[in-house]
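> Please find one structure pasted underneath; my questions will follow.
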Amino acid sequence: MSETKEALFSKKNKKLISDPLNLNNPVTIQVLGICSALAVTVQMDNAFVMSIAVMFVLILGNLIVSLMRNMIPTKIKIIVQLVIVAALVIIVDQVLKAFVYDVSKSLSVFVGLIITNCIIMGRLEAYALGNKPWGSVLDGLGNGLGYGLILMVVAFFKELFGSGSVFGFPVFGDSIEKTGLYSIGYEDNGLMLLPPSSLILVALYIWVQKSKTPSLIEEN
Amino acid sequence: MSINKEGNGYTLIFAIIMVVVVGGLLAYIASSLKPIQQENVKNEKMQNILQSIGIDETKSVTRDEAGAIFNDYITKRIVLDYDGNVISELSSADPIKDKNELDAFNVDVRKYYNNLTGLMKKFPEGGAEYEAGLKEAGITYPMFVCEKDGETFYITYFSGKGLWDDIWGYISLREDGRTINGTVFDHKGETPGLGSKMTEAVFNNDFVGKVITNEENEYRPIKVIKPGNERKEYEVAGLSGATFTAVGVEEMMKRSLSVYNKYFENNRVEAPAVIENVTDSSMMDSTYLDSMAQLVIDTNAILANN
Numbered sequence: 000m001s002e003t004k005e006a007l008f009s010k011k012n013k014k015l016i017s018d019p020l021n022l023n024n025p026v027t028i029q030v031l032g033i034c035s036a037l038a039v040t041v042q043m044d045n046a047f048v049m050s051i052a053v054m055f056v057l058i059l060g061n062l063i064v065s066l067m068r069n070m071i072p073t074k075i076k077i078i079v080q081l082v083i084v085a086a087l088v089i090i091v092d093q094v095l096k097a098f099v100y101d102v103s104k105s106l107s108v109f110v111g112l113i114i115t116n117c118i119i120m121g122r123l124e125a126y127a128l129g130n131k132p133w134g135s136v137l138d139g140l141g142n143g144l145g146y147g148l149i150l151m152v153v154a155f156f157k158e159l160f161g162s163g164s165v166f167g168f169p170v171f172g173d174s175i176e177k178t179g180l181y182s183i184g185y186e187d188n189g190l191m192l193l194p195p196s197s198l199i200l201v202a203l204y205i206w207v208q209k210s211k212t213p214s215l216i217e218e219n
Numbered sequence: 000m001s002i003n004k005e006g007n008g009y010t011l012i013f014a015i016i017m018v019v020v021v022g023g024l025l026a027y028i029a030s031s032l033k034p035i036q037q038e039n040v041k042n043e044k045m046q047n048i049l050q051s052i053g054i055d056e057t058k059s060v061t062r063d064e065a066g067a068i069f070n071d072y073i074t075k076r077i078v079l080d081y082d083g084n085v086i087s088e089l090s091s092a093d094p095i096k097d098k099n100e101l102d103a104f105n106v107d108v109r110k111y112y113n114n115l116t117g118l119m120k121k122f123p124e125g126g127a128e129y130e131a132g133l134k135e136a137g138i139t140y141p142m143f144v145c146e147k148d149g150e151t152f153y154i155t156y157f158s159g160k161g162l163w164d165d166i167w168g169y170i171s172l173r174e175d176g177r178t179i180n181g182t183v184f185d186h187k188g189e190t191p192g193l194g195s196k197m198t199e200a201v202f203n204n205d206f207v208g209k210v211i212t213n214e215e216n217e218y219r220p221i222k223v224i225k226p227g228n229e230r231k232e233y234e235v236a237g238l239s240g241a242t243f244t245a246v247g248v249e250e251m252m253k254r255s256l257s258v259y260n261k262y263f264e265n266n267r268v269e270a271p272a273v274i275e276n277v278t279d280s281s282m283m284d285s286t287y288l289d290s291m292a293q294l295v296i297d298t299n300a301i302l303a304n305n
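Protein chains in written order, with numbering that gives the first Met the number 0: chain Z, 0 to 219; chain E, 0 to 305.
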């Protein structure tokens, strides 16, 4: 094995980052972490902070578990993983509360719910427990980016058609003063603010993704 | 390696060490960040109180600055009981001390509301027994008196329950004690994008100028109705997709403002004592018209500012 000589961004390592963005996306292909993709995608800024928070927990969780992978007793490995993830999430929550209080308020309970995000436990179990730290960090980064990508795409369409804004800036005019698009009778779509629209958007995303990448289509 | 990693002893020791290390780490982080978090909460409260009177500077004032100018505006901090009697009164010269329950700033309305949930489940329709229970609960009601440009404002603070979790609000009333001057609502966990919009201008602006008493000067609760409908002077537009948040807002306002109204009633009676019924209504009308006229001016000013 020539792993000691392996470049930091070898082909294999690059694949760790690029795969989760498309070919092995945690949300659209593995269908993990759907729950938060439904809930925190109403506004783009919340989705953004959520993505960063998940990425942070994923990368550090992967790193810690990978460093400890030879010490963790197999009997309690799930418990150990849970404790590590829970501790990281609490740290994120406390730091957000202290330094970006407004963001932590708008995310409210969803920060705490990162613990239940299946992507995190999934990656710890599937990758970090059996691989070296650097690879695990990249795997965490890749999956975090893949998750964040879906969150941002879904949030973009939900916020655009649900509230007529992008990152909080109105783009269709003022819905109360009836300016811009609203003056010709356009109305925001209330359904876009509700969780079901995320499912529709994620499904549309999968459709587009699969038609662009034929290798993803399962043969029957 | 001589250690058997699959043995019970290793597992147990590993678990104990892990719990101690993680527990210690979290305790350290939580306690070292706590002062900053508490400061945030305190400053946010001051910011909310100032915002509810619409102090222009505070619209862009950061949380940290709100703490500095709080005492310039808030002259008195009053605690009321259920009958609207003053229990304690502090002036801006008195420093805000933590844990002083007789300081309006420290009255924990959210804790008080949670004491009431049993009572509300028992009497969902209200009624005399419910009122008696409210009185017995021994809850206090904080009020802040603010002087701004020679006018006095009364800021009320109360809490209730939205769809998912606690909601609370600050309502400032004008000098007459019946016209709403401004509101600031907040929540712990309402649905982002739906109920969470209760914090935004869309919802709050509609409260400005609404009155909490009818023409006979009796208490009349504010109603939150479906958006898009014609609204009377005691009705405000709710948020689409957030019906239960609106129900919660209506309930907490109804329950709390009735207490504050008692205070205003007690203090209003003092002025004209002898001539009652005849002139009272006409006098009421004129003050009411005055306040409405003032309101039109104010709304115009707000629109112009925007």
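Don't be surprised by glycine CBs; every beta carbon is placed ideally from N, CA and C.
Over the uninterrupted alpha helix (DSSP H) stretch that includes Arg-230/E, give me the two end residues.
By one-based count along the second sequence, residue 230/E stands at place 231. Counting along the chain, Arg-230/E falls outside any alpha helix (DSSP H), and DSSP gives it neither H nor E.
> Among residues of its own chain, excluding the 5 on either side of Val-241/Z, which ones have a beta-carbon nearer than 7 angstroms to its beta-carbon?
Residue coverage of chain Z in this structure runs from 0 to 219, which leaves residue 241/Z outside it and unanswerable.
> For the segment 63-74 of chain Z, enumerate the residues whose C-beta is nearer than 8 angstroms to any C-beta of chain E, in chain order.
Cβ contacts with chain E: Met-70, Ile-71, Pro-72, Thr-73, Lys-74.
> Going by DSSP in three states, Thr-242/E sits in which element: helix, strand or coil?
Here residue 242/E is taken as the residue at index 243 of the second sequence, counted from 1. Helix at Thr-242/E.
> What residue does the beta strand (DSSP E) around Trp-172/E start on, and which one ends it?
Position 173 of the second sequence, counted from the first residue, corresponds to residue 172/E. Per the sequence presented here, residue 172/E reads as Leu, with Trp not at that position. Here the beta strand (DSSP E) through Leu-172/E covers 165-172.
> Find the nearest neighbour of Gly-129/Z within the set Thr-178/Z, Leu-62/Z, Ala-38/Z, judged by alpha-carbon distance.
Taking the first residue of the first sequence as 1, we reach residue 129/Z at position 130. Checking every option, the nearest Cα to that of Gly-129/Z belongs to Leu-62/Z.
> Which value, in whole angstroms, describes the spacing of the CA atoms of Gln-50/E and Ile-77/Z?
For the purposes of this step, residue 50/E is identified with residue 51 of the second sequence, where counting begins at 1. For the purposes of this step, residue 77/Z is identified with residue 78 of the first sequence, where counting begins at 1. Each residue's alpha carbon lies about 48 angstroms from the other.
> Would you check if the distance between the CB atom of Val-41/Z and the CB atom of Gly-192/E is smaller than 7 angstroms?
In the first sequence, the residue the question calls residue 41/Z occupies position 42. In the second sequence, the residue the question calls residue 192/E occupies position 193. It is a contact, given that the beta carbons lie within the stated cut-off.
> Taking C-alpha atoms, which residue in Gly-176/E, Ile-221/E, Asp-71/E lies nearest to Met-251/E?
Along the second sequence, one-based indexing puts residue 251/E at 252. It is Ile-221/E whose Cα lies nearest to the Cα of Met-251/E.
> I'd like the span of the alpha helix (DSSP H) that includes Asp-138/Z, first residue to last.
To locate residue 138/Z, count along the first sequence from 1; it is residue 139. Start and end: 132-162.
> Please go through the same chain and pick out, in chain order, the residues whose beta-carbon is closer than 6 angstroms to the beta-carbon of Arg-173/E, but skip the five residues on each side of it.
By one-based count along the second sequence, residue 173/E stands at place 174. Cβ within range, chain order: Asn-180.
> Kindly indicate which residue of Phe-104/E, Ser-91/E, Thr-10/E has the alpha-carbon position closest to the one of Ile-48/E.
Position 49 of the second sequence, counted from the first residue, corresponds to residue 48/E. The shortest C-alpha separation from Ile-48/E is found at Phe-104/E.
> Looking only at its own chain, which residues have a Cβ that is under 8 angstroms from the Cβ of Phe-243/E, when we skip the five neighbours before and after it?
By 1-based counting over the second sequence, the position of residue 243/E is 244. The answer, listed in chain order, is Gly-161, Leu-162, Gly-194.
> If contacts are defined as beta-carbon pairs under 8 angstroms, then Ile-154/E and Val-248/E qualify, I think. What distance do you get, rounded to the angstrom?
Along the second sequence, one-based indexing puts residue 154/E at 155. Along the second sequence, one-based indexing puts residue 248/E at 249. Not quite, the Cβ-Cβ distance comes to about 17 angstroms (not below 8 angstroms), so this is no contact.
> Out of curiosity, what's the CA-to-CA distance linking Glu-43/E and Ser-90/E?
Residue numbering aside, residue 43/E sits at position 44 when the second sequence is read from its first letter. Residue numbering aside, residue 90/E sits at position 91 when the second sequence is read from its first letter. Each residue's Cα considered, the two are about 20 angstroms apart.
> Could you tell me which residues DSSP puts in a beta bridge with Ile-151/E?
Residue mapping note: residue 151/E aligns to position 152 of the second sequence, counting from 1. Per the sequence presented here, residue 151/E reads as Thr, with Ile not at that position. Thr-151/E is bridged to Glu-146/E.
> Write down the C-beta distance between Lys-41/E and Gly-66/E rounded to the nearest angstrom, noting that I regard them as a contact closer than 8 angstroms.
Taking the first residue of the second sequence as 1, we reach residue 41/E at position 42. Taking the first residue of the second sequence as 1, we reach residue 66/E at position 67. Right, their Cβ atoms sit about 7 angstroms apart.
> What residues from chain Z crowd round Glu-5/E, counting only those whose CB sits closer than 8 angstroms?
Counted from its first residue, the second sequence places residue 5/E at position 6. Under the 8 angstroms cutoff, chain Z gives Pro-72, Thr-73, Lys-74.
> Report the three-state DSSP secondary structure of Ala-92/E (helix, strand or coil).
Here residue 92/E corresponds to residue number 93 of the second sequence, with the count starting at 1. Here Ala-92/E sits in coil by DSSP.
> In chain Z, which residues lie less than 8 angstroms from Asn-308/E when you measure between Cβ atoms?
Lying before the first or after the last residue shown, residue 308/E is absent from chain E, which here runs from 0 to 305.
> Using three-state DSSP, classify Tyr-81/E as helix, strand or coil.
To locate residue 81/E, count along the second sequence from 1; it is residue 82. Residue state, collapsed to three classes: coil.
> Which residues in the same chain as Val-273/E place their Cβ atom closer than 7 angstroms to its Cβ, once the five residues preceding and following it in sequence are excluded?
Counted from its first residue, the second sequence places residue 273/E at position 274. Annotation note: pLDDT 44 at Val-273/E (below 50); position unreliable, no value reported.
> Suppose you measure from the CA of Ser-280/E to the CA of Tyr-218/E; what does that come to, to the nearest Å?
As a position in the second sequence, residue 280/E is number 281, starting the count at 1. As a position in the second sequence, residue 218/E is number 219, starting the count at 1. With a pLDDT of only 45 at Ser-280/E, under 50, the local geometry of the prediction cannot be trusted, and no value is derived from it.
> Can you list, in chain order, the residues of its chain whose CB lies under 6 angstroms from that of Gly-227/E, leaving out five sequence neighbours each side?
Counting from 1 along the second sequence, the entry for residue 227/E is found at position 228. Result list for Gly-227/E: empty, nothing under 6 angstroms.
> Buried or exposed: where does Gln-80/Z fall if 16 or more other Cβ atoms within 10 Å of its Cβ makes it buried?
The count along the first sequence starts at 1 and reaches residue 80/Z at position 81. Label assigned to Gln-80/Z: buried.
> Along the chain, where does the alpha helix (DSSP H) that runs through Asp-185/E open and close?
Mapped onto the second sequence, residue 185/E falls at position 186. Element bounds for Asp-185/E: not the alpha helix (DSSP H) but the beta strand (DSSP E), 179-186.
> Check whether the Cβ of Gln-36/E lies closer than 7 angstroms to any Cβ atom in chain Z.
To locate residue 36/E, count along the second sequence from 1; it is residue 37. Output row for Gln-36/E: interface = yes.
> Please list the partners that Ser-182/Z has in chain E, where partner means a Cβ-to-Cβ separation under 8 angstroms.
For this step, residue 182/Z is matched to residue 183 along the first sequence. Within chain E, no residue comes near Ser-182/Z; the closest Cβ sits about 17 angstroms away, beyond 8 angstroms.
> Using the C-alpha atoms, what's the distance from Leu-66/Z back to Val-20/E?
Position 21 of the second sequence, counted from the start, is the residue given in the question as residue 20/E. Position 67 of the first sequence, counted from the start, is the residue given in the question as residue 66/Z. The straight-line gap from Cα to Cα measures roughly 16 angstroms.
> Measuring only between beta-carbons, confirm whether Ser-239/E sits less than 7 angstroms from chain Z.
Against the second sequence, residue 239/E aligns to sequence position 240. Chain Z contact via Cβ: present.
> Since I believe Asp-82/E is in contact with Lys-261/E (beta carbons under 8 angstroms), could you give me their beta-carbon distance rounded to a whole number of angstroms?
Mapped onto the second sequence, residue 261/E falls at position 262. Mapped onto the second sequence, residue 82/E falls at position 83. 6 angstroms between Cβ atoms; contact.
> Does the segment 196-212 of chain Z come within contact of the segment 31-39 of chain Z, defined as at least 3 CB pairs closer than 8 angstroms?
Enough Cβ pairs lie closer than 8 angstroms, so yes.
> Phe-166/Z and Asp-44/Z - do their beta-carbons sit closer together than 7 angstroms?
Locating residue 44/Z in the first sequence gives position 45, where the first residue counts as 1. Locating residue 166/Z in the first sequence gives position 167, where the first residue counts as 1. Result yes, Cβ atoms of Asp-44/Z and Phe-166/Z sit closer than 7 angstroms.
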